[in-house]
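Some notes on the structure that comes next.
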Amino acid sequence: MSLFWRIFLPNATVLALAALLLLGPVTVSTPVNLGEAVVIGAGAAVMLGANAVVLRMSLAPLERLAAAMTGVDPMHPGARMRVTGPGEVAHLIGTFNTMVDRLETERAASRANALSAQEGERRRVAQELHDEVGQTLTAVLLQLKHTADRAEPPLRDDLRLAQETTRTGLDEIRRIARRLRPGVLEELGLASALRALTTEIGTPGLTVRRELAPHLPPLDPQTELVVYRVAQEALTNVARHAEADRAVISLRPVGAGAVELVVVDNGRGIGSAAAGTGISGMRERALLIGAELAVGPGAAGGTEVHLRVPVHTRSTT
């Protein structure tokens with residue numbers, strides 16, 4: 019029965035009964051006596067109560083739908099509302115679920131394209147830094163060395179200082195290029211890339227300890243890149259903002275169907291601060307491969323980043 023008829027028929031029934039009572043055994047006199055007032059008051063109360071019950075039962079699914087619409091979170095997809103209620107309400111809930119399915123599909127495709135374009139741009143910038151800027155600084159370094167070898171002592175010291183400054187800049191350019199495009203990830207795999215990352219990320223006063231399981235299930239290149247980027251962002255946050263002197267990064271299999279990355283530090287924690295672009299970027303990458311990301315306080319203080327990655331194995335025949 020449609021929502022209209024569910025509301026109209028009880029109202030019509032109550033009004034018809036009231037009319038029959040007034041036309042039949044019940045009459046209204048002037049002035050109204052006590053018995054007539056009781057009958058009319060009881061009829062009005064019954065009518066209002068019936069309206070309230072019917073409206074509450076009919077509109078409750080709409081209230082649940084409104085709450086579901088308000089609670090939709092793009093960063094936590096998959097929540098759907100159970101299709102219940104009268105025909106129009108059930109159709110509306112089903113349409114809402116279909117719309118959320120379409121939006122999540124489109125968002126996932128858009129997110130994948132955006133991250134792919136971002137990685138492509140990083141690769142291009144890293145290549146240009148290595149091939150163009152790196153080679154130019156190398157040529158400058160060689161020219162400075164050649165000139166310093168022939169210069170007089172007062173000028174030679176200045177040239178040696180410029181040579182060291184140029185070498186430091188060249189090393190920094192190479193380090194930035196490696197962070198933009200982790201070649202070791204493509205060549206040697208995830209474990210080796212994480213070892214190199216912990217070596218490069220270290221800052222004065224910060225010790226990073228590695229706990230990498232020796233035998234990990236095979237991961238596809240996109241999954242490995244996501245795990246590496248999440249670890250990179252987490253360690254970068256530790257080095258820049260956590261004010262920590264110790265951090266631990268661990269990567270281990272969990273059962274037969276998942277791999278777990280954990281980065282924890284002993285710093286000041288995130289407190290009640292809103293998630294920044296770094297954490298949002300980690301969540302976006304985790305959603306891309308169907309992983310679960312949790313960022314919160316560690317067991318002994320500081321911040322803990324927990325990434326659980328499902329391992330999709332192929333069946334053999």
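Here this note's numbering is used: the first residue of the sequence shown is 19, the next is one more, and so on. A virtual CB, placed ideally from N, CA and C, is assigned to each residue, including glycine. Small disclaimer: the values here were computed from a predicted structure and weren't measured.
With a threshold of 16 other beta carbon atoms within 10 Å, Glu218 falls short and is exposed.
Per DSSP, reduced to three states, the secondary structure at Ile307 is coil, with no helix or strand assignment. Under DSSP, no beta-bridge partner is assigned to Ala211. For Ile267, the uninterrupted beta strand (DSSP E) run begins and ends at 264-272, by DSSP.
Counting along the chain, the unbroken alpha helix (DSSP H) around Val118 starts and ends at 105-146.
Per the Cβ contact rule, the stretch 145-153 is not in contact with the stretch 309-318 (fewer than 3 Cβ pairs under 8 Å).
Residue range 321-328 is occupied by the beta strand (DSSP E) that includes Leu325.
DSSP, reduced to helix, strand and coil, places Arg258 within a helical segment of the structure shown. Distance from the CA atom of Ala214 to the CA atom of Ser268, rounded to whole angstroms, is 14 Å.
A contact is defined here as three or more CB-CB pairs under 8 Å, and the stretch 130-143 meets this definition with respect to the stretch 186-201. In the DSSP assignment, Leu230 forms a beta bridge with Leu269. Under DSSP, no beta-bridge partner is assigned to Ala62. Setting aside the 5 residues that flank it on each side, Gly296 is surrounded in the same chain by Glu251, Asn255, each with a C-beta closer than 7 Å to its C-beta; the list follows chain order.
By the neighbour-count criterion, in which a residue is buried when 16 or more other Cβ atoms sit within 10 angstroms of its Cβ, Ala78 is exposed.
A buried status is given to Ala249, since no fewer than 16 other beta-carbon atoms sit within 10 Å of its beta-carbon. Ser76 counts as buried, since at least 16 other C-beta atoms from the protein chains shown sit within 10 angstroms of its C-beta. Around the beta carbon of Glu322, 16 or more other beta carbons sit within 10 angstroms, so the residue counts as buried.
Non-local C-beta neighbours of Ser128 in its own chain, meaning closer than 8 Å and more than five positions away in sequence, are absent.
Close CB contacts of Ile111 within its chain, under the 6 Å cut and outside five residues either way in sequence, are with Leu83, Met99, Val101 (chain order). From the listed residues His164, Val244, Arg326, the smallest Cα separation to Pro271 is found for Arg326.
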